Amino acid sequence: MAVKSFFIILYILYPALMIAALLLDPSTAGLSARRLGGLAVGTAAYTMLCAQLILTARLPAVERVFGQDRLLRWHGIAALAAVALSFVHAFYIHGGLFTPRLRWGEASLALFTVLTVLAVFFLSEAVTGRWARAARFRKAMQSCTLSRYHAQLLLHNLTALAVVLLYLHAAYRMRQFWTNVPFAVLATVCFLASMGCWVWHLWLRKKYVYRVAEVVRENGAMTTIRLEPEGEPMPYLAGQFAYFRFEDPAVSEEYHPFTMSSSPRETLSITVKALGDWTDHVHEIRPGSRVLVDGPYGRFSPALHQEGPAVLIAGGVGVTPMMGIIHDAYFRGDSGKLLLLWCARDRSELIRGDEWTRLEKEMPGLTICPVLSREKAEGCAHGHLSEAIVEACLARCGIAPGEASFYYCGPEPLRRTVRRILRALRVPDGRYHEERFSL
Numbered sequence: 000m001a002v003k004s005f006f007i008i009l010y011i012l013y014p015a016l017m018i019a020a021l022l023l024d025p026s027t028a029g030l031s032a033r034r035l036g037g038l039a040v041g042t043a044a045y046t047m048l049c050a051q052l053i054l055t056a057r058l059p060a061v062e063r064v065f066g067q068d069r070l071l072r073w074h075g076i077a078a079l080a081a082v083a084l085s086f087v088h089a090f091y092i093h094g095g096l097f098t099p100r101l102r103w104g105e106a107s108l109a110l111f112t113v114l115t116v117l118a119v120f121f122l123s124e125a126v127t128g129r130w131a132r133a134a135r136f137r138k139a140m141q142s143c144t145l146s147r148y149h150a151q152l153l154l155h156n157l158t159a160l161a162v163v164l165l166y167l168h169a170a171y172r173m174r175q176f177w178t179n180v181p182f183a184v185l186a187t188v189c190f191l192a193s194m195g196c197w198v199w200h201l202w203l204r205k206k207y208v209y210r211v212a213e214v215v216r217e218n219g220a221m222t223t224i225r226l227e228p229e230g231e232p233m234p235y236l237a238g239q240f241a242y243f244r245f246e247d248p249a250v251s252e253e254y255h256p257f258t259m260s261s262s263p264r265e266t267l268s269i270t271v272k273a274l275g276d277w278t279d280h281v282h283e284i285r286p287g288s289r290v291l292v293d294g295p296y297g298r299f300s301p302a303l304h305q306e307g308p309a310v311l312i313a314g315g316v317g318v319t320p321m322m323g324i325i326h327d328a329y330f331r332g333d334s335g336k337l338l339l340l341w342c343a344r345d346r347s348e349l350i351r352g353d354e355w356t357r358l359e360k361e362m363p364g365l366t367i368c369p370v371l372s373r374e375k376a377e378g379c380a381h382g383h384l385s386e387a388i389v390e391a392c393l394a395r396c397g398i399a400p401g402e403a404s405f406y407y408c409g410p411e412p413l414r415r416t417v418r419r420i421l422r423a424l425r426v427p428d429g430r431y432h433e434e435r436f437s438l
């Protein structure tokens, strides 16, 4: 908790120190309130943009505290805020967006605009989630020329370029940069730290080398890939995720995030659902192919949170981290209460039926409650997840809502339903954990 508080305070305090160093310097005494406001807002935008490269660098010290999925969500929000502040800065300083001549600052602002448009269109559902034509266009772009991975990499590198342009803009345009030593030092340290993190992200992060041991087609849409290490295996906790790059002609060689569906005590496995993109060809990957793994990441693991009964709520392929968590409890001989609420459309999506039956028999504390929205079946709840279904399943395994920790992984609409149900059951926010990457 102390480390987390330190990072949060640093994140808030650093731009405040830069603004104070700027405004308290004698060189700014004669400036108008409008110009002072513009300089303060520009300084805040600069530090926030630099922070984006630090947030996305996957630094172990930061990731262990917050979890990479949370950092990425905050990165998306903070990046849009930095762009908005940059526009405010331009209005304050120039009374408009651009000066007659194209300078470093104007080039940065133009680049911010491009970054915003690309991020909103390719990395969020703000546009494509509302207009079918936009969604089709994005899908065509991703399948032909610009995949989600390449869009992320492009945006990351453009952000680094924007940071360089902003630093040059400050050095070239601000007289105070050369006369105000504290401000110049803080601005330079911020610049060097962000660029160092950019270099770390691209070239210095440790990778683990694996080979594909087995490819198992679970059903028509889901495939499990088991990997054997070449050298040092990646240490991870049940429920965590990593980035995988398969060197196989069946798929393009780019990193994709997947949650481990295995326990750390067994062969590392991931279970992938075909979603109409790169994942459609995962089942064609051949045994023996080389795999680079970057991880582990995330805090979606009971090992990192309060002990007690655990309620796992999965939507579709969101069951993958739950598989690893349950397997880990099995290998550890954990006899505590463990409930899996698995939401699917029909029984065809409930993979590994025999394995789940065996685990329920061998683990006295485990209860599995499938919830099918389109099919009625014995032993399964019918309909969409509701407060009544959750209460019935909790009562069935003897878990009180107030004493359990809840873990959710699945699509966004179901996540909103889960949050509403848990609020109705008066589950404290500290006992709810989720894995998601979307804003």
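So the sequence shown is numbered by numbering that gives the first Met the number 0: it starts at 0 and just counts up by one.
Even glycine gets a Cβ: it sits at the ideal position worked out from N, Cα and C.
Since this is a predicted model, take the numbers as computed values, not measurements.
Measuring straight from C-alpha to C-alpha, what distance separates residue i and residue j?
i	j	result
Phe5	Ala50	15 Å
Leu16	Cys189	12 Å
Gly335	Met362	9 Å
Arg344	His304	31 Å
Arg395	Leu267	33 Å
Leu160	Ala39	22 Å
Glu62	Val184	27 Å
Met173	Met322	56 Å
His200	Pro234	20 Å
Phe182	Asp428	40 Å
Glu402	Leu365	16 Å
Ala83	Arg285	47 Å
Leu371	Ile312	13 Å
Tyr10	Glu377	53 Å
Cys392	His381	13 Å
Ser347	Thr223	16 Å
Tyr422	Glu390	A small correction: the amino acid at residue 422 is Arg; Tyr does not occupy that position in the sequence shown. Each residue's Cα considered, the two are about 13 Å apart.
Glu231	Cys196	25 Å
Ile324	Ala20	49 Å
Pro308	Glu386	19 Å
Val163	Leu12	22 Å
Within 10 Å of its beta-carbon, does residue i have 16 or more other beta-carbons around it, so buried, or fewer, so exposed?
i	result
Glu434	buried
Leu52	buried
His432	buried
Pro295	buried
Gly238	buried
Phe176	buried
Phe330	exposed
Phe243	buried
Gly314	buried
Pro248	exposed
Leu191	exposed
Phe240	buried
Trp202	exposed
Arg298	buried
Tyr91	buried
So, helix, strand or coil for residue i, using DSSP?
i	result
Tyr254	coil
Ala19	helix
Cys396	helix
Lys360	helix
Asp293	strand
Cys408	strand
Pro228	strand
Tyr166	helix
Leu236	coil
Are residue i and residue j touching if we call contact CB-CB under 7 Å?
i	j	result
Asp24	Asn179	yes
Leu70	Leu54	yes
Ser260	Ile269	yes
Ala186	Ala220	no
Glu246	Glu253	no
Asn218	Ile350	yes
Ile367	Leu339	yes
Pro400	Leu424	yes
Thr319	Thr356	no
Ser288	Val198	no
Ser85	Ala60	no
His282	Arg373	no
Below 7 Å CB to CB, which residues in the same chain sit around residue i once its five sequence neighbours on both sides are set aside?
i	result
Gly458	There is no way to answer for residue 458, as the model of the chain reaches only from 0 to 438.
Val87	Val40
Arg204	Arg57, Asp293
Ala32	none
By Cβ distance, which residues of its chain are closer than 8 Å to residue i, with the 5 residues on each side in sequence left out?
i	result
Ala80	Met47
His74	Gln51, Leu54, Thr55
Val426	Pro400, Gly401, Ala403, Phe405
Please return the same chain residues whose Cβ sits closer than 6 Å to the Cβ of residue i, not counting the five positions on each side in sequence.
i	result
Pro228	Tyr209
Asp353	none
Lys206	Leu291, Asp293
Val310	Leu338, Ala403, Phe405
Arg225	Ala212, Glu213, Thr266, Ser268
Met194	none
Lys3	Val64
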